[in-house]
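**Student:** Structure incoming, see below.
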């Protein structure tokens, strides 16, 4: 399978999952555009308008549920791709309690989507709108269970239901490109689990294939009608995980061109440049990103200046520009109402830099502050370890 090369030019979708009027179809496209620009209020309003105008479309209700899920993940700070690329980091990431009203809206939209879907399927068992809505809504529930509630096994069971309905949809309606999202995520996630986990899942009927998952996502990125952009994002995440950094950069640069003010896309692209040791363009992108997050703060606060300054400092450390990194870390502490976790990691980074320079007293002072803040368990554990033994930069870092 030829993965590293760029995607082929987008192809027109050959089938539509949502059985809605042309007017509602246009409104759905506008809603997704607002969602990818992180304008959650406007996106939800447009999705609700379609739901009101299309009482028999289960897919429209599943799209609304997906919008509420996306906003929930944004509020929790778990949209950044690196949390999914490094599974251990993602599993350790503390979850903020979800917004109660947003959770109610999400679950109500899922319930409505599944109710309408089952009504459609009772009349026509091969109905595309109903099958797609069941697959997408169970997929949203699986993401919520795993990403918001940290109920990973339950999330896998819900993912199996999503896969079953979407697999049936693909058999009956092979031209619906958006089906590749659910199928691709299922196969890639299960295929990426450690071998021992996959061995046990095999006996309960759950199995996946990483390469096939990538192919499904490629198909959705080329032929998807509503979820094409989401498929491109997921492909970028998967290619980073696979070490296909040039292909991932090409995707993210393309997404940046489409959504120039989406701070998450710029943030991930800058971090990817750091992985590629392209430190100059990374620094330039962090500067651009700082201007965006200061001039156009998101509500909820998805990404703040402290996140950007911290990542810029890490890029400067990687480039061995330690004076510049210390200045960037100082800027983290200057941000009003800075996220305490980001502040904790900034202090830890400062301690590491001082240890590298042989400034043990300044390093110990920074580690003590990390421990006193107690805002992140992993950072606190590392600070305690560095107090006992000075941090030494690993070769090649």
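In my numbering, the protein residues as written are 1 to 397. Note that CB positions come from ideal geometry on N, CA and C, so glycine has one too. Since we're looking at a predicted model, the values are computed, not measured.
Going straight from the alpha carbon of residue 69 to that of residue 390, what length do you get?
**Tutor:** 42 Å
**Student:** Write down the C-beta distance between residue 332 and residue 310 rounded to the nearest angstrom, noting that I regard them as a contact closer than 8 Å.
**Tutor:** Contact flag correct, Cβ pair sits at about 6 Å.
**Student:** Using a Cβ-Cβ cut-off of 7 Å (strictly less than) and excluding sequence neighbours within five positions of residue 49, which residues of its own chain qualify?
**Tutor:** 27
**Student:** As a quick exercise: from 337, 148, 134, 325, pick the residue whose alpha carbon is nearest that of residue 169.
**Tutor:** 134
**Student:** Where does the unbroken alpha helix (DSSP H) through residue 232 begin, and where does it stop?
**Tutor:** 228-241
**Student:** Please determine, among 335, 52, 162, the residue with the shortest C-alpha to C-alpha distance to residue 64.
**Tutor:** 52
**Student:** Count the C-beta pairs between the segment 374-394 and the segment 342-352 that are closer than 8 Å, then say yes if the count reaches three, no if not.
**Tutor:** With the cut-off at 8 Å, the segment 374-394 and the segment 342-352 touch.
**Student:** What residue does the alpha helix (DSSP H) around residue 321 start on, and which one ends it?
**Tutor:** It is not in any alpha helix (DSSP H) - residue 321 carries neither H nor E in the DSSP assignment.
**Student:** Please state whether DSSP places residue 281 in a helix, a strand or coil.
**Tutor:** Helix at residue 281.
**Student:** Taking the straight line between their C-alpha atoms, what separation do you get for residue 143 and residue 229?
**Tutor:** Their Cα atoms are separated by approximately 18 Å.
**Student:** Quick one: is residue 222 buried, meaning 16 or more other Cβ sit within 10 Å of its Cβ, or exposed?
**Tutor:** buried
**Student:** Should residue 21 go down as buried or exposed, given a rule of 16 or more other Cβ atoms within 10 Å for buried?
**Tutor:** exposed
**Student:** Exposed or buried, which one is residue 219 when buried takes at least 16 other CB atoms within 10 Å?
**Tutor:** buried
**Student:** Whole angstroms are fine: how far does the CA of residue 338 sit from the CA of residue 166?
**Tutor:** When the Cα atoms are used, residue 166 and residue 338 turn out to be separated by approximately 42 Å.
**Student:** With contact counted as at least three CB pairs below 8 Å, one residue from each stretch, are the segment 340-349 and the segment 369-384 in contact?
**Tutor:** yes
**Student:** What residue range is occupied by the uninterrupted alpha helix (DSSP H) comprising residue 108?
**Tutor:** DSSP places residue 108 in the uninterrupted alpha helix (DSSP H) bounded by 100-123.
**Student:** According to DSSP, is residue 91 part of a helix, a strand, or is it coil?
**Tutor:** Bear in mind that a pLDDT of 42 at residue 91, under 50, signals an unreliable position, so the model cannot answer this.
**Student:** So, is residue 177 buried or exposed, given that buried needs 16 or more other C-beta atoms within 10 angstroms?
**Tutor:** buried
**Student:** Determine the closest residue to residue 132 out of 161, 104, 150, with distance taken between C-alpha atoms.
**Tutor:** Closest option to residue 132, judged by alpha-carbon separation, among 161, 104, 150: 161.
**Student:** Looking at the unbroken alpha helix (DSSP H) that takes in residue 76, where does it start and where does it end?
**Tutor:** 58-76
**Student:** Given a cut-off of 8 Å, decide if residue 231 and residue 181 are closer than it, judged by their beta-carbon atoms.
**Tutor:** A contact, by the Cβ cut-off of 8 Å.
**Student:** Taking C-beta to C-beta, are residue 187 and residue 226 nearer than 8 Å?
**Tutor:** no
**Student:** With DSSP collapsed to three states, give me the class of residue 375.
**Tutor:** coil
**Student:** Am I right that residue 57 and residue 129 are in contact with their C-beta atoms under 8 Å? What's the rounded C-beta distance?
**Tutor:** Taking the Cβ atoms as the reference, residue 57 lies roughly 6 Å from residue 129, within the contact range of under 8 Å.
**Student:** Roughly how many angstroms separate the alpha carbons of residue 458 and residue 325, rounded to a whole number?
**Tutor:** Within the shown structure, residues of the chain are numbered from 1 to 397, placing residue 458 beyond reach of any answer.
**Student:** Out of 127, 111, 303, state which residue places its alpha-carbon closest to the alpha-carbon of residue 268.
**Tutor:** 303
**Student:** Excluding the 5 residues preceding and the 5 following residue 158 in the sequence, name in chain order all residues of the same chain whose CB lies nearer than 7 Å to its CB.
**Tutor:** 138, 141, 142, 145
**Student:** Buried or exposed: where does residue 115 fall if 16 or more other Cβ atoms within 10 Å of its Cβ makes it buried?
**Tutor:** exposed
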